[in-house]
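Engineer: Quick one: the structure is below, and I'll ask about it shortly.
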Amino acid sequence: MNEISYHTEWITPEVANRMLDRNTHNRPLKQGDILKWATEMEAGNWQLNGEAIKVATNGDILDGQHRLYAVALQDDGKAIPFTVIRGLAPEAQKTMDQGRRRDLADILSLEGVDASRSLAAAIRMFLAMDRGLLFVDRKQMAAVLSTTVLADWAVENEDLVDLMRNALRFKQAKLRPGILCPLYAMVAAEHGIEVADEFFGRLNDGVGLEEDSPILAFRNRLDHLRSESKVQSAQRLSDRDLMGMTISVFNNWITGKSITKIQRPHGGTWNEKTFPQIINEDGLRRSRIARKARRGA
């Protein structure tokens, strides 16, 4: 086990710059935080409060880059006191906070996954759907889907993350990315990218839709919701409602059913029993056989 040391060190701008030479694996900088703390230091208001700058066994900065950059900006060269912890394992960085809590997008960035906060939200929603957690409370979901669990999954499932990223081409499809991206990935994984592109592309632009198209009915429903008091009305549909409706519309579209009006399920919202699943190839095959049988009759 590594020998970990704790010391109070007086860090000058020169020392800070030297330490920052080893700031090679960290989340994106927040310039506002740097300037805020640099101003506090310049005014003499910075206090030694026990929040540590953390250094790995190889000398890399694991936590504290914003504070070190703030020290480096001090023109008078004065030293600022910090608690410095040295000898930490590099992989411990995933579990650390830094001024503000590291969110999933930060962790993914550290893991080499290019993910915006919208994409990070989509990954969380994908796993919530995939693992049957849509109807548990937030605390239970957070306990099961920790940022570490989500980041590890994203690294191991780059193909699905790429599908979610691909969905951002249709971000005008009247669905926010946190809903659009996981549904696109699920459709593409089950039916192929061409089918996903066709469905979400038409939901995006409405081109060439027939009057009885489920996609047109869904577009009209979403437009109607937004026209009524705008934000307040749009918020009447929860994320689960929108996801359930989108899946239902897709299932009707892919099986060739005609719909002119989109309704909520009985009772007004989806629940664990009524929430739809994206139809799979076996279900699609059965639907086609049934449709041929009806035509033959």
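Going from the sequence shown to this note's numbering is simple: count from 1 and add 28. Even for Gly, the Cβ is constructed at its ideal location relative to N, Cα and C. As the structure is a prediction and not an experimental result, all values here were calculated from the model.
Below 8 Å, how does it come out for the region 219 to 237 and the region 196 to 204: are there three or more Cβ pairs, yes or no?
Structural biologist: At 8 Å Cβ cutoff, the stretches touch.
Engineer: Roughly how many angstroms separate the alpha carbons of GLY115 and ASP88, rounded to a whole number?
Structural biologist: One C-alpha to the other measures close to 10 Å.
Engineer: Counting only the same chain and skipping the five closest in sequence on each side, list residues whose C-beta sits under 8 Å from that of ILE113.
Structural biologist: Closer than 8 Å at the Cβ level, and outside the excluded window around ILE113, lie ILE32, SER33, TYR34, ALA80, ILE81, LYS82 and VAL83.
Engineer: By the three-class DSSP mapping on this structure, what secondary structure does ALA107 have?
Structural biologist: Coil at ALA107, not helix or strand.
Engineer: Which complete alpha helix (DSSP H) runs does the region 180 to 220 hold, if anything under 4 residues is left out?
Structural biologist: Listed in chain order, they are 186 to 195 and 205 to 219.
Engineer: For LEU132 and ASP165, I'd like the C-alpha separation in whole angstroms.
Structural biologist: So the two alpha carbons sit approximately 19 Å from each other.
Engineer: If contacts are defined as beta-carbon pairs under 8 Å, then LEU96 and ALA44 qualify, I think. What distance do you get, rounded to the angstrom?
Structural biologist: Rounded, the Cβ-Cβ distance is 4 Å, consistent with contact.
Engineer: Within 8 Å of any Cβ in chain D, is that where the Cβ of LYS202 sits?
Structural biologist: The structure shown contains no chain D; it holds only a single protein chain.
Engineer: With a threshold of 8 Å, are at least 3 pairs of Cβ atoms found where one atom belongs to the region 202 to 215 and the other to the region 154 to 165?
Structural biologist: Yes, the region 202 to 215 is in contact with the region 154 to 165.
Engineer: Please report the distance separating the alpha-carbon of ASP104 from that of THR40.
Structural biologist: In a straight line, the C-alpha of ASP104 is about 9 Å away from that of THR40.
Engineer: So, is PRO56 buried or exposed, given that buried needs 16 or more other C-beta atoms within 10 angstroms?
Structural biologist: Looking at its Cβ environment, which holds fewer than 16 other Cβ atoms inside 10 Å, PRO56 is exposed.
Engineer: With distances taken Cα to Cα, identify the nearest neighbour of THR85 among ALA107, PHE110, ARG50 and GLN75.
Structural biologist: Out of ALA107, PHE110, ARG50 and GLN75, ARG50 has the C-alpha closest to the C-alpha of THR85.
Engineer: What residue does the alpha helix (DSSP H) around LYS167 start on, and which one ends it?
Structural biologist: Taken as a continuous stretch (DSSP letters only), the alpha helix (DSSP H) holding LYS167 covers 166 to 172.
Engineer: Cutting at 7 Å between CB atoms, please list the residues of its own chain near ALA245, excluding the five before and the five after it.
Structural biologist: Only ILE287, THR288, LYS289 and ILE290 meet the Cβ criterion.
Engineer: Out of HIS294, ARG292 and GLY284, state which residue places its alpha-carbon closest to the alpha-carbon of ARG314.
Structural biologist: Ranking the options by Cα distance to ARG314, first place goes to GLY284.
Engineer: Give the secondary structure of LYS82 by DSSP, where H, G and I count as helix, E and B as strand, and everything else as coil.
Structural biologist: Looking at LYS82 - three-state DSSP - the assignment turns out to be strand.
Engineer: At what residues does the alpha helix (DSSP H) containing HIS53 begin and finish?
Structural biologist: Looking at the DSSP string, HIS53 is not in any alpha helix (DSSP H), and its letter there is neither H nor E.
Engineer: Got a sec? Which residues, its chain only, sit under 6 Å from ARG247 by beta carbon, not counting five neighbours each side?
Structural biologist: Closer than 6 Å at Cβ, skipping near neighbours: GLY234.
Engineer: Rounded to whole angstroms, what is the Cα-Cα separation between GLN121 and THR176?
Structural biologist: Taking the straight line from one Cα to the other gives about 11 Å.
Engineer: Provide the residue(s) that pair with TYR34 in DSSP beta bridges, ordered along the chain.
Structural biologist: Answer is ILE113, bridged to TYR34.
Engineer: Out of curiosity, what's the CA-to-CA distance linking ASP158 and ASN299?
Structural biologist: If you take the alpha carbons of ASP158 and ASN299, they lie about 15 Å apart.
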